[in-house]
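When we follow this note's numbering, the leftmost residue of the sequence shown carries the number 136, and every step to the right adds one. Don't be surprised by glycine CBs; every beta carbon is placed ideally from N, CA and C. For reference, the structure is listed below as C-alpha cells.
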Amino acid sequence: MTIDAVQGSAPPDSGRAPARWMTPLMSACVVLVVAMVAAINLSIPKLSASSLSPSSTELLWIVDSYVLVFGCLLIPAGALGDRYGRKGALMAGLGVFAAGCLVSAAAPSVAVLLAGRLVTGAAAALIMPATLSLLLQATEPAKRATAIATWTAATGIAGAVGNLGGGAVLEWLPWQGLFLAGAPLAALLAALVARLAPRGERHPADLDLLGAGLLTAALFALLFGIIEGPGRGWTSAQVLGGFACAVVLLAAFVAHALRAAHPLLDPRVFAIARLRSGVLGLGLAFFGLFALFFVNAQYLQYAKGYSPLLTGVAIAPLVVGMVIMSKRSIGLARRFGTRPVVAVGLLTLGVGLGLLSFADASTPYWLYALALVVMSLGMGLCTPALSVGVMASLPSARAGLGSGLNGAAREIGSALGVAVLGTILTDQFADGLPKALAGHAHSAGEALSAVDAMGGGAAVHAQVIGAFTDAMSAGYRVVAVVVCVAALLVSLGLPGRDRSSE
C-alpha cells in the first residue's frame, strides 16, 4: 500500500464546519495534550524546590504517569470513539482534562499530584485519536495525506509550544500555574468542538478492557524497573520483580489478544511490515525527542542560569526544522521512497542528540541551538512519512485503530525516553557528586539547595553543575546510539521508491 492509499474514496462528512476550520481546531486539541507532556519538564526546578519536595524518582513518575496512561489507553479510547461517537469522545476528553488539571493544581502532596496526572492522561487518550478520525472524516479524500501531515507536525511542534507557553507561565507563577492555564484552554476547545465539529461517524468496535489492563500494567511494571533501579538497586528484589512482572504481563496480553474474538490490539496486525516499522519508528523518534525535553529545561536553568521564560524561548529552534521538513516529508517519500526518507530523518535525529552530548555550562547558546535545529530537521523529515504509513496500512474503517497506534507509539516512546535518560541522569549524577553531598542529594535541584544551605561557595556549585552535565552527556549518548541503531532496523520494513506513482 502506498502513501496515496490513505486518500480513500469515501466522501467527507457534510458536518457543521468547513474542513478548513477542522485542521486548526483538531491540531489545537493535539497541541494542548502533547504540550502538557513537555511543559511539565520545564517545571522540574520549581517542583524540586516546592513544599512537595519530590525525590528524583518521584519527579520521573510525575512526568511519566501522564504519558504512560495517555499512551496505553489510546487504542481503547479510539475504539470507544468509533463505537459511541468521536465528537462525544473528544468533548468528554477535554472536560475530564480540565478537571484533571484542577486536581493537579490543588495537590497538597505528591500522591494527589500523581492522581491528577493519571486522570489528565486518561483524558488525553480520549482526545488524541478522536482528533485525527474527525479530521479525516471532514477532509476531502485527495487532501487527507496533507491533513495527516499537518496533524503529525502539530504533535511534534506541540513539544516546543509546551516549552514556550510553560516558560511564560512559570516565569511569574509557581508550578501550579501550568495546570491552572490548561483547564480553561481545554474548556474553550470543548466549546469550539461543540460548535464547529461535525457529528462523528460510528463503527462497530469492541472494548477489550482486560487487554487494556494487561498492557497498561505491563508497561507500568517495565517503567517501575527502569525508574526505580538507581534508588533501589538494579539487583534488588523489587526492581527485578518489576521487570519479571512486565514480561509475564506482556506475555499474558499477547496470549489473551490471540484468543479474544475482539482484542484491544491483535498482535497479528504487526505482520504488516509497513505498519510494524511505522509504529516502531514513531516510538523511536519520540523516544529521542522527549529524552531531550526531560533534561533540556534542567540544563538551561541549572547550568546556563536561564529564567523559565528564557528557557522556553531557547527551545524555539526546535520548531524550525519541523516546520521546514514536515511540509516536504510526504512529497519526498513519494519521490524517493519512504525507506530513505525515514532512515535519513532518524539518523539525523540521532546525530542531533549526539551533538547535544558535548554541551556543558560553557557551551555557547548558538552552538546548542544548532544541535536543536539538526534534531528538528530529522523529526520533521521522518514523522509525517511514518504516520501516513501507519494509516495507509489499514482500511479507512479502522481509522480509530490507526490513529490509536500512531498516538500510542508516540506516548509510549516518550515515556521510555524520559525514563531511560532520567534513570541514567540519576545514576551518573550521584557518582559525580562531591563527597560532602554524596548520599544526600539525588538531583541537581536537591544538590544545589544543599550547597546553598551549607554555604559551599562557587567551587562546590561548579562541581555540582559539572556532575549534572557529565551525567546529561552520558544519557544523550546512550539515547543517540539507540536511535541510530534502531533507525536501520526500522528502515528495513519500509517500502523503497514506489514507481507506480510516477
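Could you name the residues of the same chain whose beta carbon sits closer than 7 Å to that of residue i, not counting the 5 residues immediately before and after it, in chain order?
{"i": "A506", "result": "G487, L490 and L491"}
{"i": "A356", "result": "G377, C380, A381 and L384"}
{"i": "T370", "result": "none"}
{"i": "A316", "result": "V304"}
{"i": "A289", "result": "S162, V165 and V166"}
{"i": "T192", "result": "I362, E363 and G366"}
{"i": "L249", "result": "W196, I197 and S200"}
{"i": "S144", "result": "Because S144 carries a pLDDT of 41, less than 50, the predicted location of this residue cannot be relied on, and the following value inherits that uncertainty. Only P276 meet the Cβ criterion."}
Using CA atoms only, rank isn't needed, just tell me which of the options is closest to residue i.
{"i": "I175", "options": "R221, P243, S162 and G312", "result": "G312"}
{"i": "K439", "options": "P499, R409 and V479", "result": "P499"}
{"i": "G456", "options": "I197, M514, D605 and S522", "result": "M514"}
{"i": "M161", "options": "C236, A265, P211 and A170", "result": "A265"}
{"i": "D199", "options": "G230, E363 and L345", "result": "E363"}
{"i": "G346", "options": "A325, L393 and L358", "result": "L393"}
{"i": "Q433", "options": "T290, A184, R463 and M157", "result": "A184"}
{"i": "S442", "options": "P180, A173, V172 and T281", "result": "P180"}
{"i": "R469", "options": "G524, A496 and F425", "result": "G524"}
{"i": "L435", "options": "L424, F425 and V448", "result": "V448"}
{"i": "G300", "options": "T604, A326, V168 and Q598", "result": "V168"}
{"i": "S608", "options": "V599, L623, V620 and Q563", "result": "Q563"}
{"i": "S522", "options": "R612, L354, T287 and A227", "result": "T287"}
{"i": "T473", "options": "G223, M226 and A622", "result": "A622"}
{"i": "T351", "options": "V430, F314 and L209", "result": "L209"}
{"i": "L445", "options": "M226, A593 and E306", "result": "E306"}
Under a Cβ-count criterion, where at least 16 other Cβ atoms within 10 Å of its own Cβ denotes burial, should residue i be classed as buried or exposed?
{"i": "S178", "result": "buried"}
{"i": "A241", "result": "exposed"}
{"i": "R221", "result": "buried"}
{"i": "W196", "result": "buried"}
{"i": "E637", "result": "Because E637 sits at a pLDDT of 34, beneath the cut-off of 50, its placement in the model cannot be relied upon, and the point is left open."}
{"i": "E546", "result": "buried"}
{"i": "D566", "result": "exposed"}
{"i": "V202", "result": "buried"}
{"i": "V243", "result": "Looking at the sequence itself, residue 243 is Pro, so the reference to Val does not match. P243 comes out exposed."}
{"i": "P189", "result": "buried"}
{"i": "I138", "result": "Only weak support exists for where I138 lies, its pLDDT of 40 falling under 50; the coordinates are left without a value."}
{"i": "V141", "result": "Per-residue confidence for V141 stands at a pLDDT of 42, beneath the threshold of 50, marking its modelled position as unreliable; the derived number appears in the next sentence. With 16 or more Cβ atoms within 10 Å of its Cβ, V141 is classed as buried."}
{"i": "G368", "result": "exposed"}
{"i": "R330", "result": "exposed"}
{"i": "A396", "result": "exposed"}
{"i": "R252", "result": "buried"}
{"i": "S461", "result": "buried"}
{"i": "R279", "result": "buried"}
Using C-beta distances below 6 Å, list every residue in its chain close to residue i, excluding the 5 sequence neighbours before and after it, in chain order.
{"i": "G610", "result": "L556, I559 and L560"}
{"i": "A322", "result": "A233"}
{"i": "G360", "result": "V374, G377 and F378"}
{"i": "L187", "result": "V245"}
{"i": "M510", "result": "L484 and G487"}
{"i": "A170", "result": "A293, V296 and G297"}
{"i": "C164", "result": "I262, T266 and L324"}
{"i": "A318", "result": "A233, C236 and L237"}
{"i": "F405", "result": "R411"}
{"i": "A173", "result": "G294, G297, N298 and F428"}
So for residue i, helix, strand or coil by DSSP?
{"i": "G628", "result": "coil"}
{"i": "F388", "result": "helix"}
{"i": "T498", "result": "coil"}
{"i": "H397", "result": "coil"}
{"i": "S522", "result": "helix"}
{"i": "K462", "result": "helix"}
{"i": "Y437", "result": "helix"}
{"i": "T561", "result": "helix"}
{"i": "L308", "result": "coil"}
{"i": "R334", "result": "coil"}
{"i": "A140", "result": "Because A140 carries a pLDDT of 41, less than 50, the predicted location of this residue cannot be relied on, and no value is offered for it."}
{"i": "A551", "result": "Note that residue 551 is Leu in the sequence shown, not Ala. Residue state, collapsed to three classes: helix."}
{"i": "T287", "result": "helix"}
{"i": "T604", "result": "helix"}
{"i": "T370", "result": "coil"}
{"i": "A511", "result": "In the sequence as displayed, the identity of residue 511 is Ser instead of Ala. Reduced to three states, the DSSP call for S511 is helix."}
{"i": "S186", "result": "coil"}
{"i": "L540", "result": "helix"}
From what residue to what residue does the alpha helix (DSSP H) around residue i run?
{"i": "A451", "result": "Element bounds for A451: n/a, residue is neither H nor E."}
{"i": "P365", "result": "L344 to R367"}
{"i": "L229", "result": "R221 to A240"}
{"i": "F422", "result": "A408 to Q433"}
{"i": "Q272", "result": "V245 to A273"}
{"i": "T192", "result": "S191 to C207"}
{"i": "V404", "result": "Neither: V404 is in no alpha helix (DSSP H) and is coded neither H nor E."}
{"i": "P475", "result": "T473 to L491"}
{"i": "L182", "result": "I179 to S183"}
{"i": "L315", "result": "Q311 to L331"}
Using a Cβ-Cβ cutoff of less than 8 Å, which residues in the same chain neighbour residue i once the five nearest sequence positions on both sides are dropped?
{"i": "V625", "result": "S412, L415, G416, L419, V477, A478 and L481"}
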